[in-house]
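Just below is one structure, and these are the notes that go with it.
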Amino acid sequence: MRPARATFAAMEPQLGPTSNRFISQRLRLNYVDWGNPDAPPLILQHGGRDHCRSWDWVAEELRHDWHVICPDLRGHGDSEWSPEGHYGMDAFVYDFAQLVHTLGHDKVTIIAHSLGGNIATRFTGLYPDKVERFVNIEGLGPPPEIRRQLEGEGIGERLRQWIGDKRKASGRLPRKYATRRDAYQRMKEENSFLTEEQARHLTIHGASRNEDGTWSWKFDNYLNVWSASDTPTDQIVELWKAITCPMLLLWGKDSFADSPGPDGRLDYFPTARLIEYENAGHWLHHDQFDRFMADVKAFLG
């Protein structure tokens, strides 16, 4: 086992970020700061069941020109879990707004993935004057037609389903892995596009050791239960239309998430441009890193 541990340790960056905390709705939430505080602020927001250190490769590329901040969402990474298991979009958007308020910047630039992209999109629509530029990686949620179908099911049915799912989650223990290498193998199975280096790094920062010596992912199991209520679809579309900053939408052609071009969502964003990536899935910033960085640097200027 010693050579395996040495291999994991060797993947750690030589000079990493510093960890910090801010308070949102009584939760202590984590973010890492890559330094260079006199540069323009850039927030990198991860997606669901991920963590802030998944941005390390991107941050290393951008830290010399930007003040890079990478937060852990509530229930993720090294942020606290919600005591009541509340992970509705209202809570996430408030947390993001609280981070921007805590940092004290007049304007920020944002790169956000998946759930993080959904959160940052709503924030940008709410406060268009606070965002300089915005890169959204597969972070819009379902198309409006699908959302309207779900809304048509009725609040009673949705609430009953939500209550049942919450009860199931309350009895579900975090999955345990005998070794960190076992967790690493699960990471590789989850995303076949990942290199060995990427999978090791994501595992190092995404799993923690239990008291009995096993390993578990850091995210809260309650994250698997979506809120029964959300902002109505037509009002979400209004937030999309309210965005005024330049916006870049990035989608992987091998992703499970439908592209916003063919389904019409792109039309709701007056300043957006869409780029689709060949040979890339949902984590295209890992799958096609060099192309991703080239596109992002060109967009950010």
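Residues 1 to 301, numbered by the UniProt record's numbering, are exactly what the sequence shown covers, in order.
Just so you know, even glycine gets a beta-carbon here, dropped at the ideal spot from N, CA and C.
Values in this document were obtained by computation on a predicted structure and should not be read as measured data.
Glycine 156, enclosing alpha helix (DSSP H) - first and last residue | 155–170
Does the pairing of the stretch 271–287 with the stretch 168–178 give three or more beta-carbon distances under 8 Å?
-> no
For aspartate 254, which residues from the same chain have a beta carbon less than 7 Å from its beta carbon, with the 5 sequence-adjacent residues on both sides left out?
-> If we look at aspartate 254 and ignore the five residues flanking it on each side, its Cβ neighbours are Asn279, Ala280, Gly281.
Inter-residue spacing [alpha-carbon to alpha-carbon] between asparagine 122 and threonine 102 = A small fix is needed here, since residue 122 is arginine in this sequence, not asparagine. Going by the C-alpha atoms only, they are around 18 Å apart.
Cβ pair aspartate 72, asparagine 30 closer than 7 Å | yes
Over what stretch of residues does the beta strand (DSSP E) that includes asparagine 136 continue unbroken?
-> 131–137
Quick one: which unbroken beta strand (DSSP E) runs of 3-plus residues sit fully inside the stretch 164–209? Chain order, please.
-> 207–209
What residues are listed by DSSP as bridge partners for threonine 271?
-> None; threonine 271 has no bridge partner.
Beta-carbon separation (whole angstroms), cysteine 52 vs phenylalanine 134, contact threshold 8 Å = Not confirmed; about 18 Å, so no contact.
Roughly how many angstroms lie between the CA atoms of aspartate 290 and phenylalanine 256, to the nearest whole one?
-> 22 Å
Mapping DSSP to helix, strand and coil, what is cysteine 245?
-> coil
Is it buried or exposed for aspartate 234, if we count other Cβ within 10 angstroms and need 16 for buried?
-> exposed
Spatial distance of histidine 105 from lysine 218 (CA atoms) | 30 Å
Under the DSSP definition of a beta bridge, which residues are partnered with glutamate 276?
-> Trp251
Return yes when the Cβ of asparagine 221 is within less than 7 Å of the Cβ of arginine 167, no when it is not.
-> no
Which term fits histidine 64, buried or exposed, when burial requires 16 or more other beta carbons within 10 angstroms of its beta carbon?
-> Looking at its Cβ environment, which holds fewer than 16 other Cβ atoms inside 10 Å, histidine 64 is exposed.
So is glutamate 138 buried or exposed if we call it buried at 16+ other beta carbons inside 10 Å?
-> buried
Would you kindly work out how many angstroms separate the C-alpha atoms of leucine 115 and glycine 206, rounded to a whole number?
-> 17 Å
Can you list, in chain order, the residues of its chain whose CB lies under 7 Å from that of threonine 7, leaving out five sequence neighbours each side?
-> Confidence is the limiting factor: at threonine 7 the pLDDT is only 42, short of 50, which leaves the residue's position unreliable and the question unanswerable from this model.
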